[in-house]
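Chains as they are written, first to last, in the working numbering: chain A, 36 to 104; chain B, -11 to 434.
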């Protein structure tokens, strides 16, 4: 049960960066559709890359938890 | 335009949502926890609250209860990454509380803020280009404005927007913000609407307990706009004795909250706006000279609508399309109506045009497709302004022209009674007749 809570928390932690990735991707679409400066898109892309790493770290923790189980 | 409050402790998520919501044409403020959210509701009302379920100081549901207790009823959308929340929401059964599960998409936000828009989206619409996502118009004056916006957006210079009331100063501020590479939010405040007592707290923020009623720490607009743009509307209406405080922040680029001792760095572009003319600014002592030079590093004049009449049809179509989308209708302009709109001077500028079209939209028969324009487009304000304007003498007019205007204005005032008009003008009735004969306007008053 305690392990379940832990998994739930890790899944919740992984959704945070996923959510940021999704919204930053939407922002890039807006920038491209409206001829806005590419710097905005580049900044959003950097954020996506760093959030992918965070998401990957969370998944790694979940997978380690399963191994221990 | 809706006023939205986003309550979420994930600052990166909040920043990107702010960009998107602002782009969709709404105002948005943020709070990182329940205490900040409750503080926002002390002096403000919001149409919609986007509320994270799990916050550092409690559950989003506490804010729902708090709003009920203070009698505020905004629409609320709980945002959560936790599937178990769905069950809790079903128990609540509140009609004004909705729910979204992370990760979000732009369409989710669009649907929330404008539910009807998505259904009308599939209709083919004539494409009206929105420059920088906000500005409509293809006239030479607007092309010049776009060039200015592009040039200044690439710098971090402070901008002062000058233009008549209703010309679109806030929209231009949004365009500069959109065109710049900044990643922070656009924060707007109206300096003319703030009381003398609150202006310091609004601009610079306050610490908890700084004055009676300061129950929590509050960030000022300079801090809220970190990394973005601060729009100070009606800056010339700020009390002159408060202006030295603003000058200090602009010069030192540091801000100290009211009741605080720690300085924090200011990192935002300031766009200010005024509807006063340069002559008015210089003559009437409404803004200190030193502040003017700090704010107006790059002044931009926004052309009044009467000087870009070729844009009226584009704007009218854009406004009507928007009303059609929002109301699921299909009204169309007739070319004669667009000509009529173009023939009017619109002293209240784009705002007056927009309101005029909204009024016509409401008056029109919902079963048909034709818009019903009123017989007279003039608003009471424009009538009064026109009267005062026609009585003004401007350099370049001939004495004959001024005399003719004066005679006509006097005759209008006395409903064409020439004896009375001659008395008012201090001339004989015969002279009045002679003048009217000479100007060829006697027929109007016979």
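Beta carbons are placed, not taken as given, at the ideal position from N, Cα and C, and that holds for glycine. Remember, it's a predicted structure, so these values are computed and weren't measured experimentally.
In this structure, the alpha-carbon of residue 206 (chain B) lies about 46 Å from that of residue 318 (chain B). Going by beta carbons, residue 192 (chain B) and residue 245 (chain B) fall inside the 8 Å limit. At a cut-off of 4 residues, the continuous stretches assigned as alpha helix (DSSP H) that sit fully inside the stretch 323 to 402 of chain B are 323 to 331, 337 to 351, 368 to 378 and 387 to 401. Exposure of residue -11 (chain B) is indicated by the presence of fewer than 16 other C-beta atoms within 10 angstroms of its C-beta. A straight-line Cα-Cα distance of about 17 Å links residue 123 (chain B) and residue 294 (chain B).
Look at the stretch 202 to 267 of chain B and you find these whole runs of beta strand (DSSP E), each 3 residues long or longer: 217 to 221, 242 to 244, 251 to 253 and 257 to 262. For residue 15 (chain B), the CB contacts under 8 Å within the same chain, skipping 5 residues up- and downstream, are -11, -10, -9, -8 and 176 in chain order. Scanning chain B for C-beta atoms nearer than 9 Å to the C-beta of residue 99 (chain A) yields nothing, as the closest lies near 21 Å away. Below the 9 Å Cβ cutoff, chain A contributes no neighbours of residue 66 (chain B), its closest Cβ being approximately 14 Å away.
Scanning B:313, B:3, B:416 and B:396 for the CA closest to the CA of residue 428 (chain B) turns up B:396. Straight across, the Cα-Cα distance linking residue 387 (chain B) with residue 381 (chain B) is about 10 Å.
Take residue 163 (chain B), set aside five residues on each side of it, and the residues of its chain with a beta-carbon closer than 6 Å to its own are 120, 122, 123 and 137, in chain order. Check the Cα spacing between residue 279 (chain B) and each of B:243, B:300, B:255 and B:239: the tightest is with B:239. DSSP places residue 40 (chain A) in the helix class (H, G or I) of the three-state scheme. Residue -3 (chain B) sits in coil when the DSSP states are folded into three classes, being neither helix nor strand.
Inter-segment contact for the stretch 86 to 96 of chain A and the stretch 29 to 49 of chain B is absent: fewer than three beta-carbon pairs are separated by less than 8 Å.
Counting only the Cα atoms, residue 282 (chain B) lies some 33 Å from residue 201 (chain B).
Contact between residue 167 (chain B) and residue 71 (chain A) holds: CB atoms are separated by about 7 Å, below the 8 Å threshold.
Close partners of residue 82 (chain A) in chain B (Cβ separation under 8 Å): 0 and 4. Looking at the backbone, the Cα of residue 342 (chain B) and that of residue 296 (chain B) are separated by about 15 Å. Per DSSP, residue 50 (chain B) lies in no beta strand (DSSP E); the unbroken alpha helix (DSSP H) holding it starts and ends at 48 to 57.
In this structure, residue 328 (chain B) and residue 361 (chain B) form a Cβ contact; the two beta carbons are roughly 6 Å apart against a cut-off of 8 Å. Beta-bridge pairing by DSSP links residue 119 (chain B) to B:123.
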